[in-house]
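A.B. asks: Please see the structure below; I have some questions.
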Amino acid sequence: MLKLPPINRNLKLLLTMNSFFALANGLLMPVLYPYLLHLGLKGGDVGLLNGIMGLSMAVSLVPAAYLADAKGRKPLALAALSTSPLAILLLLTGNPVALVASFALNGVLSAAANVSLNPLFADSVEKDQHMDAVFSFSQILSLIFSSVGAALTWPLLSMSTQLGGVVGSYRAAFLLCALFFTASIFLLLGVKESRGRRTERFSLKVSPVALKLAGLGGLIAFGAGIGIWNINYWFSRKYGVEAAELGALSIAGNLVMVATTALAPAFSSKLGTLSAVVLLQLSSIPLFLMVALSASFIHAAAFYTLRSAIMNASNPLVSSLQMRLVKPGERARMSMLNVLAWQVAGAAGAMLGGYLMDAWLDMPIYITCVIYLAQTALFYAALRPHVTNRR
1 MLKLPPINRN LKLLLTMNSF FALANGLLMP VLYPYLLHLG LKGGDVGLLN
51 GIMGLSMAVS LVPAAYLADA KGRKPLALAA LSTSPLAILL LLTGNPVALV
101 ASFALNGVLS AAANVSLNPL FADSVEKDQH MDAVFSFSQI LSLIFSSVGA
151 ALTWPLLSMS TQLGGVVGSY RAAFLLCALF FTASIFLLLG VKESRGRRTE
201 RFSLKVSPVA LKLAGLGGLI AFGAGIGIWN INYWFSRKYG VEAAELGALS
251 IAGNLVMVAT TALAPAFSSK LGTLSAVVLL QLSSIPLFLM VALSASFIHA
301 AAFYTLRSAI MNASNPLVSS LQMRLVKPGE RARMSMLNVL AWQVAGAAGA
351 MLGGYLMDAW LDMPIYITCV IYLAQTALFY AALRPHVTNR R
């Protein structure tokens with residue numbers, strides 16, 4: 001089971017901030033794609049919006065990393081969080097230009113948040129050997145609060161008559177999301193960043209292992225972009241479900257994921273982090289295949305819940321492995337490179353997956369399963385020498 005080390009003040013603030021962030025995203029995700037479907041968007045349109053978000057994030061990463069290096073991680077994170085409500089509020093109009101602006105702005109802000117918050121969080125963990133437990137605990141908290149956010153879709157939809165219909169309920173949800181993102185800003189204000197005075201110039205140079213990690217992340221992101229990024233739209237289109245059903249799916253997935261994530265560090269301590277990641281990823285692939293083969297939403301949702309719980313239990317282990325395999329001074333650049341690879345590949349996958357969905361609805365899922373299988377084999381083969389050398 002998960003054994004937590006002592007949690008310092010910085011980590012308490014960051015964990016609480018992440019919880020508010022998860023609350024907002026937990027409400028946003030079940031609402032966004034049914035909302036886009038109600039606006040009349042097709043699979044290609046949704047894939048294009050996700051692609052725009054991914055590409056805008058990718059082109060923003062290097063400037064964001066430079067600013068984090070020059071001005072500090074906390075100021076950049078504050079700037080990103082302060083602008084996040086605007087990206088949400090742009091969705092309210094339903095105007096195509098505003099939708100593009102919202103997704104593009106969200107990509108820019110996500111770039112800033114990723115290169116600043118992830119290293120800030122890692123630097124707040126006092127010992128490297130505690131990272132598996134702390135990263136796993138962070139994901140557990142995020143899952144719990146994401147479930148609370150998803151549950152808010154039910155009262156909002158029950159008030160749809162007063163709010164002007166289903167679309168009105170979705171717009172009310174966007175307002176709540178903006179409020180939750182605003183609350184996270186005040187928690188970040190209390191975080192202290194330890195920064196020595198820099199004498200070297202900003203550099204994009206990274207180690208070979210960082211390049212390997214980013215390449216492997218990019219490959220799995222391409223698969224995720226094809227079959228996962230548009231999955232809520234897929235559920236809505238294939239089974240005709242709305243945010244209430246997608247919210248229930250999110251909650252069920254999060255609750256099961258809490259259990260698998262809590263067990264992941266113990267799993268890692270017995271098998272080793274690398275082997276644990278590989279086994280978890282391999283176990284999830286047949287379950288995702290069954291999602292496409294399911295005749296009803298209930299069956300598809302059950303398989304998807306199990307798949308997500310197993311696959312995502314590996315995420316904190318992967319993050320911990322990345323932070324341990326690179327030097328502390330390289331962590332911000334590693335985060336930047338990893339997110340860059342993830343977003344470029346994921347954006348390409350999302351656009352491709354959206355158009356494939358219009359041709360054959362289930363095709364993206366089959367392609368994702370093949371890519372995940374190949375990535376898992378490469379992940380083990382490429383990183384095993386580096387893990388062995390650190391023992």
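The sequence shown begins at 1 in the numbering used here and counts up one residue at a time. Using N, Cα and C, we set each Cβ at its ideal position, and we do this for glycine too.
If you check the beta carbons only, do Ala80 and Ala113 fall under 8 Å apart?
C.D. replies: It is a contact, given that the beta carbons lie within the stated cut-off.
A.B. asks: Helix, strand or coil for Ala295 per DSSP?
C.D. replies: If DSSP states are grouped into helix, strand and coil, Ala295 belongs with coil.
A.B. asks: Between which residues of its own chain and Lys127 is the CB-CB distance below 8 Å, once the five residues before and five after are set aside?
C.D. replies: Within the same chain, Lys127 has close Cβ partners Pro5.
A.B. asks: Going along the chain, which residues of its own chain have a beta-carbon closer than 6 Å to the beta-carbon of Arg307, five neighbours each way excluded?
C.D. replies: Result list for Arg307: Ser284, Leu287, Phe288, in chain order.
A.B. asks: Does DSSP classify Ile285 as helix, strand or coil?
C.D. replies: Ile285 falls in the helix class under three-state DSSP.
A.B. asks: Cα-Cα, which of Tyr35, Gly272, Leu28 is closest to Gly168?
C.D. replies: Measuring from the Cα of Gly168, the nearest candidate turns out to be Tyr35.
A.B. asks: Nearest to Leu14 by CA position, among Asn118, Gly353, Ile367, is which residue?
C.D. replies: Minimum Cα distance to Leu14 is reached at Asn118.
A.B. asks: Buried or exposed for Val258, please, with buried defined as at least 16 other CB atoms from any protein chain shown within 10 angstroms of its CB.
C.D. replies: So Val258 ends up on the buried side.
A.B. asks: Given Pro316, which residues of its chain have a CB within under 6 Å of its CB, disregarding the five upstream and five downstream residues?
C.D. replies: Closer than 6 Å at Cβ, skipping near neighbours: Phe135, Ser136, Gln139.
A.B. asks: Are there three or more Cβ pairs, one per stretch, closer than 8 Å when the stretch 247-256 is compared with the stretch 269-280?
C.D. replies: Flag = no, the stretch 247-256 and the stretch 269-280 do not touch.
A.B. asks: Could you tell me which whole alpha helix (DSSP H) segments of length 4 or greater appear in the stretch 199-247?
C.D. replies: Segments of the alpha helix (DSSP H) lying fully in the stretch 199-247: 208-227, 231-239.
A.B. asks: Roughly how many angstroms separate the alpha carbons of Leu213 and Asn338, rounded to a whole number?
C.D. replies: Approximately 7 Å between the Cα atoms of the pair.
A.B. asks: Might you give, ordered along the chain, the residues of its own chain that have their beta carbon closer than 6 Å to the beta carbon of Ala24, omitting 5 neighbours on each side?
C.D. replies: If we look at Ala24 and ignore the five residues flanking it on each side, its Cβ neighbours are Cys177, Phe180, Phe181.
A.B. asks: According to DSSP, is Asn118 helix, strand or coil?
C.D. replies: Here Asn118 sits in helix by DSSP.
A.B. asks: If you run the structure through DSSP and keep just helix, strand and coil, what is Trp360?
C.D. replies: Trp360 falls in the coil class under three-state DSSP.
A.B. asks: Hey, is the stretch 345-354 in contact with the stretch 217-234, meaning 3+ C-beta pairs nearer than 8 Å?
C.D. replies: A contact exists between the stretch 345-354 and the stretch 217-234.
A.B. asks: What residue from Leu352, Ala295, Val115, Gly164 has the CA that sits closest to Lys71's CA?
C.D. replies: Looking at the Cα atoms, Val115 is the closest of the given residues.
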